[in-house]
Each structure stands twice: as structure tokens, then as C-alpha cells.
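Trainee: Just so you know, the numbering used here puts 151 at position 144 of the sequence shown, and the rest follows in order with no gaps. Cβ atoms here follow ideal geometry from the backbone N, Cα and C, with glycine treated the same way. As the structure is a prediction and not an experimental result, all values here were calculated from the model. Dropping the structure in here first, questions after.
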Amino acid sequence: MHFKEINPNQWDALLIQYDQSLWYQDARNIQLIASSYHKQAIYYACYHQSVFCAALVLYVHKKNAALPTHFFYTPFFINASLKDFVVNQALNQMLLALKTEYHTIELKLSPKFNDIRAFIWSGFTHHLYYTLHKALLIDEKKPSENIRRQINKIAQNEAIQVKIETTNLDSIITTHLKMMLKNGMGKAEEQQVKHWINTFYHQQQLAVFGLYESTNLKGSALLTFDQQQAYLISITGGVPETQGQTALYFAIFDHFSKIGIPTVDLLGANIQGVAEYKSKLGSQLAPYFILSYRKYSLFYQFKLMLKKLLKKH
């Protein structure tokens with residue numbers, strides 16, 4: 008068993024061979040996310056003898072490898088053709104070694120990874136969260152009766168329109184950033200989010216939808232996407248009386264189904280009211296894990312910071 012640091016080209020080559028090329032796992036996009044948050048992306052792969060077992064990316068600043076943002080999953084994939092104990096042994100050894108290199112490590116695994124034993128054995132804590140997936144190409148789960156009634160009303164209301172936006176981008180992005188700030192995003196992250204949103208849009212990996220009621224822009228949504236899945240980044244607006252947000256969601260589903268993308272990840276299902284509404288759209292619950300390791304307790308870190316402050320005075 009051994010592991011090593013690899014370069015972005017080697018990462019992409021392994022990704023093509025062993026996993027789906029999801030947009031947040033593409034080295035070009037990893038580098039963009041890292042630079043947006045002033046971090047270094049470091050690529051690791053572990054092996055059983057010479058056979059590839061697993062790979063992951065850490066976003067690093069000094070000795071800390073915390074998540075730069077919770078909008079994205081951690082780039083991570085495994086060799087699914089191997090026995091699970093082989094992958095877990097190699098991964099466990101790599102994680103134990105990484106713990107000696109970093110003070111903190113934080114990972115957000117995609118819902119497809121539910122075997123986290125190697126992380127637990129390596130001393131990582133884990134917290135369970137949920138998102139919702141809307142299947143588009145197969146009819147897994149129908150919307151609720153109330154949502155179906157809304158869809159029928161929307162079909163009869165010519166004043167409601169949803170379109171792909173190409174002209175109102177700046178004002179729409181500004182609206183979403185204001186909403187994110189209101190919902191707890193730090194002011195320092197505003198320019199960072201704006202940077203990757205604009206870059207992904209120009210790389211044709213982000214779609215912007217506008218909801219219009221009688222020609223007035225009433226709502227919008229931002230989604231990144233690849234060939235396998237679309238990922239909701241932010242959605243806002245829509246008047247409840249006219250079922251505007253339901254119109255926006257189902258226009259999004261229709262758009263991505265027409266271009267052959269099978270699933271939309273609806274960005275979380277951890278707030279009760281939001282989760283209940285998204286579930287009514289006909290989506291399926293998908294659990295995921297956030298894993299973390301801290302070399303030092305928060306109390307110890309506070310003592311170190313206090314010592315540094317006292318030395319200055």
C-alpha cells in the first residue's frame with residue numbers, strides 16, 4: 008500500500024479511466040475553485056501495489072485543508088472494480104499520513120459514497136446531511152397532487168414564462184449574491200463566489216434561468232452542470248399566488264431532460280420548509296457525509312491565538 012501526490016494531468020487521466028467526469032472533479036474547475044478562494048489544490052492518489060485504489064483533492068491554505076465552500080462536493084473517486092477492503096486499506100493508510108501533514112481536513116463526499124469506514128478508522132468525525140435528487144429521464148417519483156395542480160394552472164397562464172438568460176446576467180447574479188449574504192454567507196466570500204459563477208458561465212458550465220410574469224423578471228436560478236447531472240447553486244423569486252417558483256423548477260427540469268442530463272441535485276434538504284417543498288417536486292432523498300479531522304481542539308487553537316495576541320502587546 009502506498010500513496011503519492013499527483014499532478015492535474017495525472018488526476019484527469021485517472022478520472023477518465025475510473026469514474027465519471029463530473030464538473031466539480033475536472034482539474035480545470037478544481038484549479039478555478041482553488042484560485043477563487045486563494046487556496047492550493049493538492050491531488051493525492053493511493054495504490055495497492057501498483058493498482059490504483061482511490062484519489063482525492065484537498066484545498067489547502069498553510070496547514071489547513073478545510074472546504075473552501077459548501078456549494079461543491081470534494082473531488083474524490085475510487086476504483087470500484089476492487090474489493091471494498093482493498094480500497095479501504097489503501098485509503099486508510101493515505102488518510103493517516105495526511106493527518107500528520109495537516110492541522111485540519113474537511114471533506115464533503117458526494118451522495119454516491121456511503122462507505123466511510125476508512126475515514127472513521129482514520130479518526131475522522133462524520134456528520135450526516137441530506138440533499139434531494141430529481142430524476143429527469145425516468146419517472147421514479149411523481150410530484151405531489153398540489154404541485155400537479157400548480158403545473159396545470161401554469162400551463163393555462165400565458166403570462167408566466169421561463170427562459171435561459173443571456174442579457175440580465177449582472178443584475179441576476181447580484182440578486183443571488185445579496186440573498187446569499189442575507190442567508191449567512193460571509194462578506195469576504197461575495198467576490199469569490201461572483202468570480203467562479205462568471206467563469207463557469209463563460210465556460211458554458213453554468214445555466215441562468217429567468218422567471219417572467221407579464222414580462223417582468225420575478226425570479227431566477229443558477230445551476231452548474233455536466234453530462235451526468237445539474238447542480239442547483241441558487242434559486243430565488245416567484246410569487247406564490249401564481250406558482251412562479253414551481254414554474255421555474257419545472258422549466259429547469261424540462262431544459263436539462265431535453266439535453267439528456269438525467270438528474271438535478273437540488274442543493275440540500277436540511278431546512279424543514281425548503282426540504283418539504285423540494286420533496287413535493289417528485290425528488291428522492293440522498294444522504295451525504297461531511298467528514299472532518301482536527302489535530303488540535305478549538306480550545307487549544309484559541310489559546311494559541313491568545314498567546315500570539317499577548318506577545319504583540
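Smallest Cα separation from residue 207: which of 148, 69, 233, 193?
Mentor: Here the closest residue by C-alpha is 233.
Trainee: Compute the Euclidean distance between the alpha carbons of residue 41 and residue 47, then round it to the nearest angstrom.
Mentor: Cα-Cα distance, rounded: 6 Å.
Trainee: Can you name the start and end residues of the beta strand (DSSP E) that residue 9 belongs to?
Mentor: From DSSP, the beta strand (DSSP E) with residue 9 extends over 9–13.
Trainee: Sort 81, 24, 63 by Cα distance to residue 53 and report the nearest one.
Mentor: Out of 81, 24, 63, 63 has the C-alpha closest to the C-alpha of residue 53.
Trainee: Let me know the secondary structure DSSP gives residue 20 once reduced to three states.
Mentor: In the structure shown, residue 20 sits in a helix (DSSP, three-state: H, G or I).
Trainee: Can you check which of these residues, 117, 158, 111, is closest to residue 258 by C-alpha distance?
Mentor: It is 158 whose Cα lies nearest to the Cα of residue 258.
Trainee: Using DSSP bridges, identify the partner residues of residue 85.
Mentor: DSSP, once it has assigned bridges, lists 61 as partnering residue 85.
Trainee: Going by alpha carbons, who is nearest to residue 294 out of 84, 22, 112, 118?
Mentor: Here the closest residue by C-alpha is 118.
Trainee: Sort 49, 24, 21, 103 by Cα distance to residue 300 and report the nearest one.
Mentor: Nearest C-alpha to residue 300: 103.
Trainee: If you draw a straight line from the C-alpha of residue 253 to the C-alpha of residue 268, how long is it?
Mentor: Rounded to the nearest angstrom, the two C-alpha atoms are 20 Å apart.
Trainee: Go ahead and label residue 231 buried or exposed: buried means 16 or more other beta carbons lie within 10 angstroms of its beta carbon, across all protein chains shown.
Mentor: Label assigned to residue 231: buried.
Trainee: So the alpha helix (DSSP H) residue 152 belongs to, where does it begin and stop?
Mentor: Its alpha helix (DSSP H) spans residues 152–162.
Trainee: Check the C-beta distance from residue 128 over to residue 99 and give it rounded, since I have them as a contact under 8 Å.
Mentor: Rounded, the Cβ-Cβ distance is 5 Å, consistent with contact.
Trainee: By a C-beta neighbour count over all protein chains shown, 10 Å radius and 16 as the cutoff for buried, is residue 77 buried or exposed?
Mentor: Classification of residue 77: exposed, given that the 10 Å Cβ count is below 16.
Trainee: Please go through the stretch 185–215 and give each complete alpha helix (DSSP H) segment of 4 or more residues, from N-terminal end onward.
Mentor: You should have 197–209.
Trainee: If I follow the unbroken alpha helix (DSSP H) through residue 232, where does it start and stop?
Mentor: Looking at the DSSP string, residue 232 is not in any alpha helix (DSSP H); the run it does join, the beta strand (DSSP E), is 223–232.
Trainee: Would you be able to state if there are at least three C-beta pairs under 8 Å between the stretch 195–206 and the stretch 176–185?
Mentor: Touching, per the Cβ criterion.
Trainee: Would you tell me roughly how many angstroms separate the C-alpha atoms of residue 28 and residue 240, rounded to the nearest one?
Mentor: Rounded to the nearest angstrom, the two C-alpha atoms are 19 Å apart.
Trainee: Whole angstroms is fine: what's the gap from residue 110's alpha carbon to residue 90's?
Mentor: Going from the Cα of residue 110 to the Cα of residue 90 covers about 31 Å.
Trainee: Quick check on this structure: which residue in 101, 143, 148 has the alpha carbon closest to the alpha carbon of residue 126?
Mentor: It is 101 whose Cα lies nearest to the Cα of residue 126.
Trainee: Our contact map puts residue 287 next to residue 251 with C-beta atoms below 8 Å; I'd like the distance itself, whole angstroms only.
Mentor: That belief does not hold up - the Cβ atoms of residue 287 and residue 251 are roughly 15 Å apart, past 8 Å.
Trainee: By the 10 Å Cβ neighbour count, where 16 or more other Cβ atoms means buried, how is residue 290 classified, buried or exposed?
Mentor: Its Cβ being crowded by 16 or more others within 10 Å, residue 290 is buried.
Trainee: To which residues of the same chain is residue 160 closer than 7 Å at the C-beta, ignoring the five residues directly before and after it?
Mentor: Cβ neighbours of residue 160 beyond the five flanking positions: 250.
Trainee: Since residue 238 contacts residue 274 with CB under 8 Å, what's their CB separation in whole angstroms?
Mentor: 7 Å between Cβ atoms; contact.
Trainee: With residue 107 as the anchor, note down where its alpha helix (DSSP H) starts and where it stops.
Mentor: Residue 107 -> alpha helix (DSSP H) spans 91–108.
Trainee: For residue 141, name the three-state secondary structure that DSSP assigns.
Mentor: Correct three-state label for residue 141: strand.
Trainee: Near residue 17, which residues of its chain fall below 8 Å by C-beta distance, leaving aside the five closest residues on each side in sequence?
Mentor: Once the five neighbours on either side are set aside, the close Cβ partners of residue 17 are 50, 52.
Trainee: Can you check DSSP and say which residues form a bridge with residue 55?
Mentor: In the DSSP output, where bridge partners are listed per residue, residue 55 has 58.
Trainee: I'd like to check one pair, residue 132 with residue 272: are the Cβ atoms closer than 8 Å?
Mentor: No, they are not a contact pair.
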